[in-house]
Structures are given as C-alpha cells and as structure tokens.
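Q: Supplied in structure tokens, the structure appears directly below.
There are 2 protein chains.
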Amino acid sequence: MENILINITTLKNAIKHNDAAHIHLLEQETYAPDVAVFFNDLNDKEAQYVYANLSPGFAAEVLLELDEEQREQIMSELTSKEIAEQIIDNLDTDDAADVLNELSEEKQEEVLAQMTNIEHSSDIVDLLNYDEDSAGGLMAKELVQANANWSAQSCIVEMRTQAEKVETVYAVYVVDDDEKLIGLLSLKKLLLAPQGAMVKDIYDQDIISVKTNASKEEVAQLFKKYDLVVIPVIDTIGRLVGRITVDDVVDVMQEEAEKDYQSMAGITGDINENDSVFESLKSRLPWLLVAMVGGVLGSRVIASHENVIRLHPEMASFIPMIAAMGGNVGVQSSAIIVQGLANNSIQIKDITPRLFKELRTGLLNGLVCSSLILVYNLFTCDTLALTYTVSISLMSAIVFASVMGTFVPLFLNKYKIDPALATGPFITTTNDILGAFIYFTVGYFLYGMF
Amino acid sequence: MENILINITTLKNAIKHNDAAHIHLLEQETYAPDVAVFFNDLNDKEAQYVYANLSPGFAAEVLLELDEEQREQIMSELTSKEIAEQIIDNLDTDDAADVLNELSEEKQEEVLAQMTNIEHSSDIVDLLNYDEDSAGGLMAKELVQANANWSAQSCIVEMRTQAEKVETVYAVYVVDDDEKLIGLLSLKKLLLAPQGAMVKDIYDQDIISVKTNASKEEVAQLFKKYDLVVIPVIDTIGRLVGRITVDDVVDVMQEEAEKDYQSMAGITGDINENDSVFESLKSRLPWLLVAMVGGVLGSRVIASHENVIRLHPEMASFIPMIAAMGGNVGVQSSAIIVQGLANNSIQIKDITPRLFKELRTGLLNGLVCSSLILVYNLFTCDTLALTYTVSISLMSAIVFASVMGTFVPLFLNKYKIDPALATGPFITTTNDILGAFIYFTVGYFLYGMF
Numbered sequence: 100m101e102n103i104l105i106n107i108t109t110l111k112n113a114i115k116h117n118d119a120a121h122i123h124l125l126e127q128e129t130y131a132p133d134v135a136v137f138f139n140d141l142n143d144k145e146a147q148y149v150y151a152n153l154s155p156g157f158a159a160e161v162l163l164e165l166d167e168e169q170r171e172q173i174m175s176e177l178t179s180k181e182i183a184e185q186i187i188d189n190l191d192t193d194d195a196a197d198v199l200n201e202l203s204e205e206k207q208e209e210v211l212a213q214m215t216n217i218e219h220s221s222d223i224v225d226l227l228n229y230d231e232d233s234a235g236g237l238m239a240k241e242l243v244q245a246n247a248n249w250s251a252q253s254c255i256v257e258m259r260t261q262a263e264k265v266e267t268v269y270a271v272y273v274v275d276d277d278e279k280l281i282g283l284l285s286l287k288k289l290l291l292a293p294q295g296a297m298v299k300d301i302y303d304q305d306i307i308s309v310k311t312n313a314s315k316e317e318v319a320q321l322f323k324k325y326d327l328v329v330i331p332v333i334d335t336i337g338r339l340v341g342r343i344t345v346d347d348v349v350d351v352m353q354e355e356a357e358k359d360y361q362s363m364a365g366i367t368g369d370i371n372e373n374d375s376v377f378e379s380l381k382s383r384l385p386w387l388l389v390a391m392v393g394g395v396l397g398s399r400v401i402a403s404h405e406n407v408i409r410l411h412p413e414m415a416s417f418i419p420m421i422a423a424m425g426g427n428v429g430v431q432s433s434a435i436i437v438q439g440l441a442n443n444s445i446q447i448k449d450i451t452p453r454l455f456k457e458l459r460t461g462l463l464n465g466l467v468c469s470s471l472i473l474v475y476n477l478f479t480c481d482t483l484a485l486t487y488t489v490s491i492s493l494m495s496a497i498v499f500a501s502v503m504g505t506f507v508p509l510f511l512n513k514y515k516i517d518p519a520l521a522t523g524p525f526i527t528t529t530n531d532i533l534g535a536f537i538y539f540t541v542g543y544f545l546y547g548m549f
Numbered sequence: 100m101e102n103i104l105i106n107i108t109t110l111k112n113a114i115k116h117n118d119a120a121h122i123h124l125l126e127q128e129t130y131a132p133d134v135a136v137f138f139n140d141l142n143d144k145e146a147q148y149v150y151a152n153l154s155p156g157f158a159a160e161v162l163l164e165l166d167e168e169q170r171e172q173i174m175s176e177l178t179s180k181e182i183a184e185q186i187i188d189n190l191d192t193d194d195a196a197d198v199l200n201e202l203s204e205e206k207q208e209e210v211l212a213q214m215t216n217i218e219h220s221s222d223i224v225d226l227l228n229y230d231e232d233s234a235g236g237l238m239a240k241e242l243v244q245a246n247a248n249w250s251a252q253s254c255i256v257e258m259r260t261q262a263e264k265v266e267t268v269y270a271v272y273v274v275d276d277d278e279k280l281i282g283l284l285s286l287k288k289l290l291l292a293p294q295g296a297m298v299k300d301i302y303d304q305d306i307i308s309v310k311t312n313a314s315k316e317e318v319a320q321l322f323k324k325y326d327l328v329v330i331p332v333i334d335t336i337g338r339l340v341g342r343i344t345v346d347d348v349v350d351v352m353q354e355e356a357e358k359d360y361q362s363m364a365g366i367t368g369d370i371n372e373n374d375s376v377f378e379s380l381k382s383r384l385p386w387l388l389v390a391m392v393g394g395v396l397g398s399r400v401i402a403s404h405e406n407v408i409r410l411h412p413e414m415a416s417f418i419p420m421i422a423a424m425g426g427n428v429g430v431q432s433s434a435i436i437v438q439g440l441a442n443n444s445i446q447i448k449d450i451t452p453r454l455f456k457e458l459r460t461g462l463l464n465g466l467v468c469s470s471l472i473l474v475y476n477l478f479t480c481d482t483l484a485l486t487y488t489v490s491i492s493l494m495s496a497i498v499f500a501s502v503m504g505t506f507v508p509l510f511l512n513k514y515k516i517d518p519a520l521a522t523g524p525f526i527t528t529t530n531d532i533l534g535a536f537i538y539f540t541v542g543y544f545l546y547g548m549f
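So the sequences go chain by chain: A and W. First residue of the first sequence? That's 100 in this note's numbering, and the numbers climb one at a time after it. First residue of the second sequence? That's 100 in this note's numbering, and the numbers climb one at a time after it.
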C-alpha cells in the first residue's frame, strides 16, 4: 500500500509526539502486513507504542506477521491474561496454536487457563498435540460442515450459525452420522438447489482429503497437483477434524524452495536476513569446513605430484580450471535431479535412462569445451603434452561429473537422505579432488609419450 | 491417488485390447492430474486412444495438465471445430486463452470462428490481448459481481444466474453503476444479511486489487504478502475486468523459485526433465563456456608465476583450495542477498549495513578456516613460507569473496539486472581468478621474507 500520509517518517514522528490518532489512521488505511513492515524500522519502545494503540483484532493480525523475535519481544511485555484475551481469542485456531507454540510450556498453560471461550481453547489444545510439520500441525478447526441427512434449507440456516465463527467460507463439508467426511457441497450447488432438496441429493462425493499425520511436504504436493484452495483433514478413521488453506501451504512451498536453494549455496539450518553475525556463522561455517577438508585432500593429490610439477611447472596453471569445470557440470546435473525430485517429475525407476541421458549431455558438453580449449592451447601453449593433457582431462572430468551429479542425488533420495545435500559444496569439492587426480594421471601418461 | 485396479500396466493392457470401459473407470476413479501422469508413459497412439475415450469436459482438464509438447501432439490430430467444441468451450477463459496462445495465429482464428458461445469467445479474445506475463495475462473472466444498489435478496437471485457459469464462487465483487470495483461482499455476509438489506449497506470497502498491467511477479508478491486466495483485476480507470486465483499464482511462485535455483546452478532458459539432449546442452553450455573463459584467465594468472612454481612446486598444491573457498563463501553471501531481494526483505537502502555485516561474517569465517589450516600446515608442511601464505591468502580470499558476493547482486539489482546472475558460475569463476592472484601475491612477499 502506498499512502502519502503514512510512511516511516510520519509514523516515527507521531510516536515521538504521542499522536495516537496517527496510529488509528494507520490501522484504517493499511493492512496488517503493511504495518508489520513498518515494525522492521521501529525500536522496541516505538513498536510497543504502536502495538498498544491498535485495536486488539488488528494488533493480533499484525503480531502474526512479525518476525518471531519481534513477536517474542512484544509478548514479553504482556500478561498471560492479555495474551489470552487480546491475541489468542482474536486469532484462528491454527495461528493461535502457532503463537502458543512459541511460548514456554508453563506460559502456554497459563495463557490457556485464562481463556474464557472454552470451545476455542479446547480446539487450540487439540491442535497443539500435532507435530508442527504434519497436516495436523498446519490445519485449523474453523470450518463449516453439514450432515448428509439435512435439507438444503436447514443447511443454510445451520451455516449461518457456523459461519459467524468462520472468516471465509470456502466450502461446506458433508459428513455422515459418525462425523466421517463423505463429500463436499459447493456454495454454488447450495445456492442453486431446488426447493426441498436434501444435502445427500446435491453433494459431491469426489473429495480430496489428507490424513492428520501426512507430512507438510505431502500436503503441499497435493495442493500443487490438484490446484487446491483448501483441503479437509481427516483422522485415522476418516472423521473430519480440520482444514488447511492454501496460504499456509504457500509458506510451506516457499520454505522448501528456500531450503533447496540454500543447500546448493552451502547454507544449513534456518536463516533469515536479520540473523546476528554469530547465527550467520553457524549456518555457513559447517559447509565451509567440509569444503576445506576437501581442499586439503585435493592438496594431497597435487602434492603427491610435486616432482612432475617441478619438471613441468606449466602444468600447475590448468589445475583450477579442470577442477572448476567438473564442479560446474556436477552442480548443473545434480540441480536438475534435485528439482525433478522436488517436483515429483523424476521417479526412482528413471535412474538408468536418466544416467544415460546425462552421460550423453556430458559427452557433448565435454566435446565442445575440450575442443575449444584444444584450439586455444594449440595456438598459445608451447607444450604439446600439456595441450593434450588439458583437453583429455577436461573431457574426462566433465563426463565423470555429469554421471556423478546425476547418480549421487538419486542414490541419496533412494536412501531417504535429502538429495539437496548433494548439490553445492559437496559436489564441487568432490570434483576438485577428482579433477586434480584425473589431470595428473592423464598428464603422467602424456608427458611420458611426448 | 492410489488405486489397485488402475495402474500403468492395466492401462496399457486395456488400450491394447481396445477396452474403453477401463478408460471410463479411469475417469471415474481418478482426477485429471492423475491421468496426465499416466500420459508420460504412453506413446502417441496410446495417448490418442485414452484421450478419445474420455468425456470432453474431463479430456479438456487432462489436456491442461499435460506438457506443452504432449498437448500439441494431441491437438494436432483434432480439427479446429473439435478444438473449439471439445476443448475451448470446456475450459475457463484463462485456461482457454493459454491453450489458444500455444497455437499459430491462423489456427487461433479458425478455432475462435468455430465457437458458438459468443460471450465465452469474446471473453477469450479479450484475454488474448494481454501480455502473458502480466496480471491481464493471468486473469480469468469468470466472476460473480453485484451492483451496490441491489438488495441482498436480488443479489442472491442474480448470483444464481451468474454462478451457473462460475465453477467456484470465492467472493462477490461489488461495483458501482460505472462498473468500477468498489468493494467485496463475502458469501458469509450475504448469508447473514438481515431481511431487506441493500448490498451497499453490507459490503466491505476494504479490497486489494491489481491493475491489468502489473507484472506476474508483483501479483505473486501481493498474494504472498496479504495471504490472498483470489484478487480482482481492474483496468486503468478502475473497472472490474477479471480475477486471478491462487493456483495460477502458485505456478508463478514455483517458476520464480526454480529460475533462481537454476541460475545458481548455471542453467539458463526454460528447462524440463523431458528436454532432449540438444535442449539440455543449450541450457547448460552457455555458463560452462563463461566458466571456461574464466578458467583460461585464471590459468594466465598462474602461468605468469611459472618461475615461482618451478622454484617452489609445493605452492601448486593449495591453488585449488584457495580458489574454491573463495567461491564457496561468495556463493553463500550472494545466495542470501538474492533470496532476500526475492522476498522483498532486503531493500536498496540496506546496502551499507549489509556489506558491513557480511564483512564481519567473512572475517570470522576467514579467521576460523585460516587458523585451522595454519595448525594443519604447521604439523604437516615443511615450508614455513607456504604455511603462512596459505593461511593469509585464505583469509584474504574469504573476506574478499564475502564483500563481493554481497555487493555484486545488490549492484545488479540496482541497475534492474536479475541479481540471480551473480550467483553460481559467475561468482565461483571470478573467485577462482582472484584466489589465484591473491595466493601468488601473498606468496611472492612471504617467500621473499623467509
């Protein structure tokens, strides 16, 4: 939202002058996510002031949009009663459970004890039992359901009551007398229902649902594959227990994509831009150390050819190139595989044809690159042995890296290890060592021949 | 969907025995995306047979889920009249426009001329005018709208008519007499409206909309920021012209994430797992050639120190490690920046504090790594000069790479160049050259001293 009346300067000014009217204007003119963006530029006291002057419903929404640390800071100033009444009561059950999950267990219990809306609090307690990374952990309790034996008319009446609790009605879930999910009634069908129709006559039995114990990745796959907006969640015996909406799943997809991206960059664990230097170090140093161990091993390979280098110092100049090209090709191949596995577009049974395809691509890439470097070296390099060594070892390193970059992620995936680990530093480091090995082995033979 | 009766073997068998009943079972028991998955394992003739035996509505949905090439293959066997009646008439306007966009212009016109539903075809023609990468290109025409001056009662009656054309009703958009979008009426509010209420009394004026010419990336940002399920699209003077649903936006987000991922892996252009070897080559060779040019430049740097290497061949062994560590650190830093920019969580004004923060992280990472390698070399390396050269140049290369990895993507972004270009091969290659340069410069001084 762009608004010429409200920006970070006017806001900071209003806070300084204790101008609560400006905060009310902020609430009227913007949405909670916009206010949350302003919080990034406020200090703790300023943030506290803005928060205190928002209406509780809006304040709770803003709180949800903040970074975990900012949220913690604001909540640390509130009593359990205030958290219960101002925040938890104003949030949907899934968001309420997420906020509570960030509190210590004692604090959680204190807050829950302060809640006056028993239905809301028991729903939340229910949700707290599920693993955060499962469908149960993602779902909310707010939904509209209808019994198959109701009439369409009484369904609308019943919906009016249920809808008061539910922010957006996506669909009406149809259950049998045992609360088991048996289908879906679109609002459209309900609106178009003839007089006297029963729910069981007009509902749609085709419904995609997910069990509470499905992983959040499985949930995201279902949303992507079937273009869903909301999915009902059922327990082990098929009873309807909640629903997951697409906005939560978008966050899961985002996280997954970021995790794979970071894996390739050699960054581990949860990171965010506001991390302290120490936190940055924790996420980056592990792979750097792995790479350094690899570098040391590579240095041993080269050192073992010290006599060759003493005789032919010109050989040293192409070591990094051979190593780097292998690394680049390996990263390309492994990235394709990791992405295909993440999309579910590559299956385990594809291993052999895929290896052969990458092998062909590798051969062609290698052929182009090693021919070009051959021409370059024929013109610029005095030593014919080096010229051929570079081209032959480049070709071998590229082909080898193609196969390895394909095989390793497929292999890891087969053994339920995150294939993304095979991209980035691991593959580059391994190829550095192999590249040096191939280079000197080829050189050993060719220098012997010329 | 798992179904023991239907799998690729039974399906292929049914096709061989001309068993149309099995195809009907497939249609009953699965969803269009499931059938599309089977198509990956069918040859053209088999695919044709399955397609011909699906009901037109379901067949059109399956067609949408196929790869572009598979879709092309199936459509090439159909007349313009069949495409119009069996496919386009059965699709929502946005999907219909996407499918038509894949045809040649003449074929497009032929198909449109065959359409009998004039409203549908004129809506589609409208959509074809928009840039595919804009909000106009993403939107569909199917929506339910109400005039602010209607009564809630007549609104429900009118909705019944409109809803027959619209698959899912997410919300009712409220417009004024000039068709300008002025707000939103939730189905919930409509259901809960008191007798005799007017739309203007109960609608919500708070509505987030997007202009037709907004880029698809901007649309995706709005969905993510405001947790939207659907967004109305307006023209330059504020008239309601369409709506975009979250499933299309999820595809945009996915594409963006994949593009960044591929950039880091040194893969350019559109790729998919079924690409031919030649297409793979086209997407991978460009960065490999860039990297090779970098490698050649690096080899010049090293070659210019050939005399040093002849005297001190042990120096060669650590060249790849110094280069690789710089590359790894550079990729980490640039990945953080690219991701932050993609998330909108890093702003241009953050450049200076961010550079300083990365510098501090780089200093610490460098300190840890170079101390460890110092200890290792003190024990294993006979040459004190080399021991110190490795540690000092490693430290310098890491610090330098941190700063460069931060600065380059921010700089590119400032000049509207995709910052993701700075990750991957570019940053590793640059650091390979710089690493070698730093290493030999430090070595030159230290070997002089010891």
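Note that CB positions come from ideal geometry on N, CA and C, so glycine has one too.
For Asn106/A and chain W, any beta-carbon pair shorter than 9 Å?
A: Residue mapping note: residue 106/A aligns to position 7 of the first sequence, counting from 1. Closer than 9 Å: no.
Q: From this set, Val161/A, Val198/A and Leu280/A, which residue's C-alpha is nearest Leu227/A's C-alpha?
A: In the first sequence, residue 227/A corresponds to position 128, counting from 1. Minimum Cα distance to Leu227/A is reached at Val198/A.
Q: Among the residues of its own chain, which have a CB less than 8 Å from the CB of Gly555/A, if the five just before and after it don't count?
A: This structure cannot settle anything about residue 555/A, because the visible part of chain A is limited to 100 through 549.
Q: What is the rounded straight-line gap between the Cα of Val105/W and the Cα of Val224/A?
A: Residue 105/W sits at position 6 when you count from the first residue of the second sequence. Residue 224/A sits at position 125 when you count from the first residue of the first sequence. A small correction: the amino acid at residue 105/W is Ile; Val does not occupy that position in the sequence shown. Spanning the two alpha carbons is a distance of roughly 41 Å.
Q: Which residues does DSSP list as the beta-bridge partners of Ala239/W?
A: Reading the second sequence from its first residue, position 140 is the one you call residue 239/W. Bridge partners of Ala239/W: Arg342/W.
Q: On a CA-only basis, which of Thr335/A, Phe322/A and Ile336/A is nearest Gly350/W? Give me that one, please.
A: For this step, residue 350/W is matched to residue 251 along the second sequence. It is Asp, not Gly, that sits at residue 350/W in the sequence shown. Of Thr335/A, Phe322/A and Ile336/A, the residue nearest in Cα terms is Phe322/A.
Q: Pairing CB atoms from the region 108-124 of chain W with CB atoms from the region 395-409 of chain A, are three or more of them under 8 Å?
A: No, they do not touch.
Q: Can you have a look at Tyr272/A and say buried or exposed, based on whether 16 or more other CB atoms are within 10 angstroms of its CB?
A: Numbered from 1 along the first sequence, position 173 holds the residue referred to as residue 272/A. Tyr272/A comes out buried.
Q: Look up Ala159/W in the DSSP assignment and say whether it is helix, strand or coil.
A: Residue 159/W sits at position 60 when you count from the first residue of the second sequence. It is helical.
Q: Gln244/A: which of Leu286/A, Glu208/A and Gln213/A sits nearest, CA to CA?
A: By one-based count along the first sequence, residue 244/A stands at place 145. Measuring from the Cα of Gln244/A, the nearest candidate turns out to be Leu286/A.
Q: With 9 Å as the threshold, decide whether the Cβ of Phe322/W is near any Cβ in chain A.
A: As a first step, residue 322/W must be located in the second sequence, where it is residue number 223. Judged by the 9 Å Cβ criterion, Phe322/W is in contact with chain A.
Q: Under 9 Å Cβ-Cβ, which residues of chain A neighbour Asp359/W?
A: In the second sequence, counting from the first residue as 1, residue 359/W sits at position 260. What Asp359/W touches in chain A: Ala356 and Tyr360.
Q: Looking at the secondary structure, which residues open and close the beta strand (DSSP E) in which Pro331/W lies?
A: Numbered from 1 along the second sequence, position 232 holds the residue referred to as residue 331/W. Pro331/W -> beta strand (DSSP E) spans Val329 to Ile333.
Q: For Leu284/W, which option in Asp140/W, Asp276/W, Ala251/W and Ser308/W has the closest C-alpha, if you only look at C-alpha atoms?
A: Here residue 284/W is taken as the residue at index 185 of the second sequence, counted from 1. Among Asp140/W, Asp276/W, Ala251/W and Ser308/W, the Cα nearest to that of Leu284/W belongs to Ala251/W.
Q: What three-state label does DSSP hand Met100/W in the structure shown?
A: Position 1 of the second sequence, counted from the first residue, corresponds to residue 100/W. Note that Met100/W scores 43 on pLDDT, short of 50, meaning its location in the model is unreliable and no value can be drawn from it.
Q: Going along chain A in order, which residues have a C-beta closer than 7 Å to the C-beta of Ser416/W?
A: The sequence position of residue 416/W within the second sequence is 317, counting from 1. Ordered by position in chain A, the residues that pass the 7 Å Cβ test against Ser416/W are Ser398, Ile401 and Ala402.
Q: In angstroms with no decimal places, state the Cα-to-Cα distance between Thr488/A and Gly534/A.
A: The residue you call residue 488/A lines up with position 389 of the first sequence. The residue you call residue 534/A lines up with position 435 of the first sequence. Using only the alpha carbons, I get a separation of about 12 Å.
Q: What residues of chain A sit near Lys456/W, judged by a beta carbon separation below 7 Å?
A: In the second sequence, counting from the first residue as 1, residue 456/W sits at position 357. Val376, listed in chain order.
Q: Let me confirm a value: Phe478/A is counted as buried when at least 16 other C-beta atoms fall within 10 Å, else exposed. Which label applies?
A: Position 379 of the first sequence, counted from the first residue, corresponds to residue 478/A. Exposed is the call here.
Q: Which bits of chain A does Arg338/W rub up against, with CB to CB less than 9 Å?
A: Here the question's residue 338/W lines up with position 239 in the second sequence. Here the premise fails: no neighbours, minimum Cβ distance about 21 Å.
Q: Glu181/W touches chain A at which residues, Cβ-Cβ below 8 Å?
A: Here residue 181/W corresponds to residue number 82 of the second sequence, with the count starting at 1. Within 8 Å Cβ-Cβ: nothing; Glu181/W doesn't reach chain A, min ~25 Å.
Q: Need the endpoints of the beta strand (DSSP E) that Ile281/A sits in, please.
A: Locating residue 281/A in the first sequence gives position 182, where the first residue counts as 1. That run of the beta strand (DSSP E) goes Leu280 to Leu284.
Q: Can you check whether the C-beta of Val309/W is within less than 9 Å of a C-beta belonging to chain A?
A: Stepping through the second sequence from its first residue, residue 309/W is reached at position 210. Taking Cβ atoms only, chain A never reaches closer than 9 Å to Val309/W, which makes this a no.
Q: Can you list, in chain order, the residues of its chain whose CB lies under 7 Å from that of Gly156/W, leaving out five sequence neighbours each side?
A: By one-based count along the second sequence, residue 156/W stands at place 57. Only Asn189 meet the Cβ criterion.
Q: Between the region 413-430 of chain A and the region 443-463 of chain W, can you find at least three pairs of beta-carbon atoms closer than 8 Å?
A: No: fewer than three Cβ pairs fall under 8 Å.
Q: Check distances from the C-beta atoms of the region 503-527 of chain A to those of chain W and list, in chain order, the residues that come in under 9 Å.
A: Hits within the stretch, in order: Thr522, Gly523, Pro524 and Thr527.
Q: Check whether the Cβ atoms of Ala390/W and Asn464/A lie closer than 9 Å to each other.
A: Counted from its first residue, the second sequence places residue 390/W at position 291. Counted from its first residue, the first sequence places residue 464/A at position 365. Cβ atoms of Ala390/W and Asn464/A: not closer than 9 Å.
Q: Counting only beta-carbon atoms, is Gly365/A nearer than 9 Å to chain W?
A: Taking the first residue of the first sequence as 1, we reach residue 365/A at position 266. Chain W contact via Cβ: present.
Q: Taking only beta-carbon positions, decide if Arg383/W is within less than 9 Å of chain A.
A: The residue labelled residue 383/W in the question sits at position 284 within the second sequence. So, interface residue.
Q: Smallest Cα separation from Asp303/A: which of Ala319/A, Gly236/A and Gly282/A?
A: By 1-based counting over the first sequence, the position of residue 303/A is 204. Closest option to Asp303/A, Cα to Cα, is Gly282/A.
Q: Between Trp249/W and chain A, is any beta-carbon pair separated by less than 9 Å?
A: Locating residue 249/W in the second sequence gives position 150, counting from the first residue. No, because no Cβ of chain A sits closer than 9 Å to the Cβ of Trp249/W.
Q: Going by C-alpha distance, which of Tyr514/W, Asp118/W, Leu471/W and Leu509/W is nearest Leu493/W?
A: For the purposes of this step, residue 493/W is taken as the residue at position 394 of the second sequence. Leu493/W has its Cα closest to that of Leu471/W, out of Tyr514/W, Asp118/W, Leu471/W and Leu509/W.
Q: Mind listing which residues of the region 194-227 of chain A have their C-beta closer than 7 Å to chain W's C-betas, in chain order?
A: Taking 7 Å as the Cβ-Cβ cut-off against chain W, none of the residues of the region 194-227 of chain A qualify.
Q: Can you give me the Cβ contacts of Leu153/W inside the same chain, cut-off strictly under 7 Å, excluding the 5 residues immediately before and after it?
A: Your numbering for residue 153/W matches position 54 in the second sequence. Same-chain partners within the cutoff: Ile122, Glu126 and Val161.
Q: Any residues in the region 437-448 of chain W with a beta carbon nearer than 7 Å to a beta carbon of chain A? Which ones, in chain order?
A: Here the close residues are Gln438, Gly439, Ser444 and Ile445.
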